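Novice:
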Amino acid sequence: MLQDVKETPLPILQVRNLEVSFGAVPVLHQVSFDVQKGERVAIVGQSGSGKSTTVAAILRLLPGLGQISRGEILLDGLDLADATERQLRTVRGRRIGLVPQDPMSNLNPSMKVGAQIADTLWGAGMRNRAEIKARAVELMAEAGIPDAERRYGQFPHEFSGGMRQRMLIAIALAGEPELLIADEPTSALDVTVQRQILNHLQTLVDARGTSLLFITHDLGLAADRCDRIIVMADGRIVEVGTPAEILLNPQEEYTKALVAAAPSLSPEPPSTSTSTGAPAAVVPDTSSKAVPILVVKDLVKEFKLRGQRGGIVRAVDGVSFAVERGTTTAVVGESGSGKTTLARIILGLESQTSGETLIKGQSLSASGSAERRALRRMVQPVFQNPYGSLDPTYSIERLIDEPLRIFGVGTKESRQRRVAELLDNVALPRSIAQRRPNELSGGQRQRVAIARALALDPELIICDEAVSALDVLVQDAVLTLLGDLQDNLGLTYLFITHDLAVVRQIAHNVVVMKSGRIIENGGVDQVFLAPQADYTKELLGAIPGAAFAR
Amino acid sequence: MSVITAQRTRKSDAEGLGSGRGRVWQLLRRNPLGMAGAVMLALVVLVAVFAPLIAPYGPAEVHFSTPYQKPGTVGFLLGTDDLGRDIFSRMVYGIQASLKVGALCVAVSVLVGTPLGLLAGYWKWLDAIISRLTDVTLAFPFLIIAVGLAAISGPSLTNAAIALGIAHIPTMIRVVRGETLRLKESDFVLAAKTMDASGLRIIFSHVLPNAASAIIVQATVIMPVAVIGEALLSFLGLGIQPPTPSLGIMLSDAQQYIFRSPTAAIFPGLGIAVICLGFNLFGDALRDALDPTSSSRK
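Taken in order, these protein sequences are the chains called A and B. In terms of this note's numbering, the first sequence has 523 at position 523, counting the first letter as 1, and numbering is strictly consecutive. In terms of this note's numbering, the second sequence has 1235 at position 235, counting the first letter as 1, and numbering is strictly consecutive.
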């Protein structure tokens, strides 16, 4: 991969002792690294580690009060750290291309996509309209956009997320840059799309000999895609090495923790959950004789399409499965697979078009309001976004005891005791009770959300992407907490996720969904080791870092 | 070195932001424009409350021997008008009247607009009714409505204030409805639904507290408009009746002899400007401070 390092001894990008501060607060300390010509370097770190700040500093696009307080950024000898704005304009886009993170917001929605590439080409010095158009179509085709000629005249909203990201790649490559910076280019996309796009990006970059600086939070992805990995934490470089060095033989404590926490790199389910979850089978466990806690039978949910006469989309299409008490069932699927609609129906937030959901043998839709209330107590959710699921005006105590107040459980004192107990359960200090959600970190908030879900002693917890918004280390801690709670309280989880790697870590059974239908359903080992459906195989193949899994 | 430590303390200050009201106050205090607005408002409110103590003369006390005095004349700080009334005293009482109108107007629009907005935002079938009504009302300029209502109910301070308040209800409904629509979809409302919370409970314990900042900010927007609206209604003879002063009446009176004594128009005009500016600056700062997402980043 790194063929011509010896012929070109001078690195294309040299960052030397870079220090960046926001106001008086330093955020980057002594960051030094090189990118060789044609080399692919990954910067891996959690949110707040300074990886995006590093990129912004290289492009001299630091937001707000940010400024480079010390150090050099040498691009082929030109120091970007004190280049003039005029010099920078010849660099951005033309010598350094950027593939930004969010394909949804990085294209101008009121401008045809072709015109957006044409803009870059114009900026790169092309002046002949016909040539620009021809080149733009060529770039789009190269980026893997089918029927590029026709799509040249379309608007961004006519493109899917993956297609938009391809557009952004095409725009980034339009100026023929020597260095391409990709800042979490696929973190908003589904795994299979992610794989296609990264494969494509890799061939494009290889063909041109462009260097790649790849920013990601996913160690597995970095290992798959790059020649060298730089691990950052708290604005410092922790460790640098080849993927094999970092993943198989990490030197620093932090890197070790990161590697251990990365779900995609540790496919063995942790021992804690296997102890209780032995009956990991699809067939209802006859020994327990009890009714499954959740039965979904031929569930169908149709949505009317807006603006189209009689247009109907089937979000959930004849889904049936059962969940045994005390087990974890993961529902896996990409965006649009109907998994979230399924969760909302089970939570009683949507009504199904046909079919049934039975909780402990009782139907949520058929029962009277008193019974429905009782069933509601048994099923509680933990939502994806810990920043959105907690009312910001409430104190932590009030958040956690809200369900108790709604159901009129206990007195004020007993509720206070219960909140303290629940905080202990989720390993949060009791002193936190009077604080407000915006004073807590993402992981702490998710713990509060779990405590709230536990308040009514439910038996089934629906986790809708409950850990996908969290950093790996935090995610690992929350998953461990969920496992412990299951062991201690005998909880049942329905775990909705797009992340197969997480599934391996906690689930006993897996339901794979696509376009509203169940593609595969079985025990976790069965699905992971002997997948039947092609789609499952594809999903499994797309998990990054598989080559380095231990 | 001292600079560094100073900024350190500021940073730790930012991290140590308390919760609730304390935090809002700290954020407000750090906004110099907002503080300027707050000082202006404090001044105006103090003047209004202590009007009888501050004003050297009664608001309608005439001195026929000394009309058209220039500002700074002994005894008349800001001069006198055509009837020899002390402009300073009249302004003090005028500010009092203007603030009364503003407060009453805001009270009417908030008390009526907020519940309707909450209902319209939360329940779709009610939205159809309430929103059509607001659409119809919004089709008329609010001043036309206010003028019409004031004309029907007869000229007085209270009627003018209520007319202005009613004219502002549709905008209030719009703001609250929009916030409710947004908050209704938030995850914490979903979570409350899974706890089997009733619609009213969700509206009052989740939606209203989170919409409060928008309502307060909208109130600070309505307030200066009401003050100007009162000036306009009084100008048209539909508001406060002479000889009771209000800033609007003073303006309209002064217009008759504006070339002879321009200061008689300038000072009430400045009074209106200070009130409006104060509310606008303070409202902007309040909006930033109340926004829970704009936490300690600044």
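Every residue gets a Cβ at the ideal spot worked out from N, C-alpha and C, and that includes glycine. Given the structure is predicted, the values throughout are model-derived calculations rather than measurements.
(1) Is the shortest distance between the beta-carbon of proline 403 of chain A and the beta-carbons of chain B less than 8 Å?
(2) Which residues does DSSP pair with valine 379 of chain A in a beta bridge?
(3) What residue range does the alpha helix (DSSP H) around lysine 360 of chain A cover?
(4) Is the beta carbon of glycine 97 of chain A sitting closer than 8 Å to the one on glycine 175 of chain A?
(5) Closer than 9 Å between beta carbons: that is the criterion. Which residues of the region 1188-1208 of chain B meet it against chain A?
(6) Under 8 Å between beta-carbons, which chain B residues line up against arginine 376 of chain A? List them in chain order, please.
(7) Interface residues of chain A around asparagine 1031 of chain B at Cβ under 7 Å?
(8) Return yes when the Cβ of glycine 336 of chain A is within less than 8 Å of the Cβ of arginine 376 of chain A, no when it is not.
(9) Could you please give the first and the last residue of the uninterrupted beta strand (DSSP E) stretch that includes serine 21 of chain A?
(10) Quick check on the DSSP output: the alpha helix (DSSP H) that includes proline 544 of chain A runs from which residue to which?
(11) Taking the Cβ atom as the reference point for each residue, do serine 1246 of chain B and glycine 1084 of chain B lie within a distance shorter than 8 Å?
(12) Based on Cα-Cα distance, which residue from A:Pro185, A:Ile396, A:Gly368 and A:Glu39 lies nearest to aspartate 206 of chain A?
(13) Where does the unbroken alpha helix (DSSP H) through tyrosine 620 of chain A begin, and where does it stop?
(14) Using 10 angstroms around the beta-carbon of leucine 305 of chain A, count the other beta-carbons present and answer buried if the total reaches 16, otherwise exposed.
(15) What do you get for phenylalanine 1140 of chain B, buried or exposed, if any count of 16 or more other CB atoms within 10 angstroms of its CB means buried?
(16) Taking glutamate 39 of chain A as part of the alpha helix (DSSP H), name the residues at either end of that continuous run.
(17) Determine, using beta-carbon pairs with one atom in the region 1108-1120 of chain B and one in the region 1156-1170 of chain B, whether at least three such pairs fall under 8 Å.
(18) So if I threshold CB-CB distances at 7 Å, which residues from the region 385-397 of chain A count as touching chain B?
(19) Three or more C-beta pairs under 8 Å: does that hold for the region 485-501 of chain A against the region 461-473 of chain A?
(20) Cβ of valine 1176 of chain B within 8 Å of Cβ of leucine 1236 of chain B?
(21) Can you tell me whether serine 351 of chain A is buried or exposed, with buried defined as 16 or more other CB within 10 angstroms of its CB?
(22) Taking C-beta to C-beta, are proline 544 of chain A and aspartate 224 of chain A nearer than 8 Å?
(23) Do the CB positions of lysine 360 of chain A and isoleucine 461 of chain A come within less than 8 Å of each other?
(24) Could you confirm whether any beta carbon from chain B is found closer than 8 Å to the beta carbon of glutamine 101 of chain A?
(25) Along chain A, which residues have their Cβ under 8 Å away from the Cβ of asparagine 1280 of chain B?
(26) Which value, in whole angstroms, describes the spacing of the CA atoms of glycine 476 of chain A and phenylalanine 1142 of chain B?
(27) Do isoleucine 197 of chain A and arginine 164 of chain A have their CB atoms nearer than 8 Å?
(28) Measure the beta-carbon distance from methionine 1223 of chain B to glycine 1075 of chain B and round it to whole angstroms, keeping in mind my assumption that it falls under 8 Å.
(29) DSSP state of glutamine 67 of chain A, grouped into three classes?
(30) So, is the C-beta of asparagine 1159 of chain B closer than 8 Å to a C-beta in chain A?
(31) In whole angstroms, what separates the C-alpha of leucine 1099 of chain B from that of glycine 1283 of chain B?
(32) So with CB distances below 7 Å, who are the chain B contacts of arginine 373 of chain A?
(33) Residue ranges of each alpha helix (DSSP H) run of no fewer than 4 residues wholly in the region 51-117 of chain A, ordered along the chain?
(34) Can you tell me where the beta strand (DSSP E) with threonine 328 of chain A in it begins and where it stops?
(35) Enumerate, from N- to C-terminal direction, the unbroken alpha helix (DSSP H) stretches of 4 or more residues contained entirely within the region 1132-1171 of chain B.
(36) Cβ of serine 1153 of chain B less than 8 Å from any chain A Cβ?
Specialist: So, from the data block:
(1) Answer yes: the Cβ-Cβ gap between proline 403 of chain A and chain B drops below 8 Å somewhere.
(2) A:Leu460.
(3) For lysine 360 of chain A, there is no enclosing alpha helix (DSSP H), as DSSP marks it with neither H nor E.
(4) Yes, the pair counts as a contact, with Cβ atoms nearer than the cut-off.
(5) Cβ contacts with chain A: Phe1188, Val1189, Leu1190, Ala1191, Ala1192, Lys1193, Thr1194, Met1195, Asp1196, Ala1197, Ser1198, Arg1201, Ser1205 and His1206.
(6) In chain order: Thr1194, Met1195 and Asp1196.
(7) Chain A residues near asparagine 1031 of chain B: none, gap ~16 Å exceeds 7 Å.
(8) For arginine 376 of chain A and glycine 336 of chain A, no; Cβs fall outside 8 Å.
(9) For serine 21 of chain A, the uninterrupted beta strand (DSSP E) segment begins and ends at 13-22.
(10) Per DSSP, proline 544 of chain A lies in no alpha helix (DSSP H) and is assigned neither H nor E.
(11) No.
(12) Selected option, being the one with the closest Cα: A:Glu39.
(13) Only positions 1 to 550 of chain A appear in the structure, and residue 620 of chain A is not among them; the question remains open.
(14) Exposed is the label assigned to leucine 305 of chain A, since fewer than 16 other Cβ atoms lie within 10 Å of its Cβ.
(15) It counts as exposed.
(16) Glutamate 39 of chain A -> no alpha helix (DSSP H), and no H or E assigned at all.
(17) Under the 8 Å Cβ criterion, the region 1108-1120 of chain B counts as touching the region 1156-1170 of chain B, having at least three qualifying pairs.
(18) Of all residues in the region 385-397 of chain A, only Asn385, Gly388, Ser389, Leu390, Asp391, Pro392 and Thr393 place a beta-carbon less than 7 Å from a beta-carbon of chain B.
(19) At 8 Å Cβ cutoff, the stretches touch.
(20) When the beta-carbon positions are compared, valine 1176 of chain B and leucine 1236 of chain B stay at least 8 Å from each other.
(21) With fewer than 16 other Cβ atoms within 10 Å, it is exposed.
(22) Between proline 544 of chain A and aspartate 224 of chain A, the gap from beta carbon to beta carbon is short of 8 Å.
(23) No, Cβ-Cβ distance for lysine 360 of chain A and isoleucine 461 of chain A is not below 8 Å.
(24) Interface flag for glutamine 101 of chain A against chain B is unset, since no Cβ pair is found closer than 8 Å.
(25) Chain-order list of chain A residues neighbouring asparagine 1280 of chain B: empty, with the shortest C-beta distance near 25 Å, by a criterion of under 8 Å.
(26) Sequence check: residue 476 of chain A is aspartate here, not glycine. Cα to Cα, the separation comes out at about 57 Å.
(27) Their beta carbons are not under 8 Å apart, which means isoleucine 197 of chain A does not touch arginine 164 of chain A by this criterion.
(28) Distance from methionine 1223 of chain B to glycine 1075 of chain B at the Cβ level is roughly 34 Å; contact not present, criterion being Cβ atoms closer than 8 Å.
(29) In the three-state reduction of the DSSP assignment, glutamine 67 of chain A falls in the strand class.
(30) Chain A, which has no Cβ nearer than 8 Å to the Cβ of asparagine 1159 of chain B, makes this no.
(31) Computed Cα separation, rounded: 16 Å.
(32) Neighbours of arginine 373 of chain A on chain B, chain order: Asp1196.
(33) For secondary structure counted as the alpha helix (DSSP H) over 4 or more consecutive residues, the region 51-117 of chain A holds these complete runs in sequence order: 51-58 and 85-91.
(34) First-last of the beta strand (DSSP E) with threonine 328 of chain A: 328-332.
(35) As far as the region 1132-1171 of chain B is concerned, its whole alpha helix (DSSP H) runs of at least 4 residues are 1142-1153.
(36) No, serine 1153 of chain B does not count as interfacial toward chain A.
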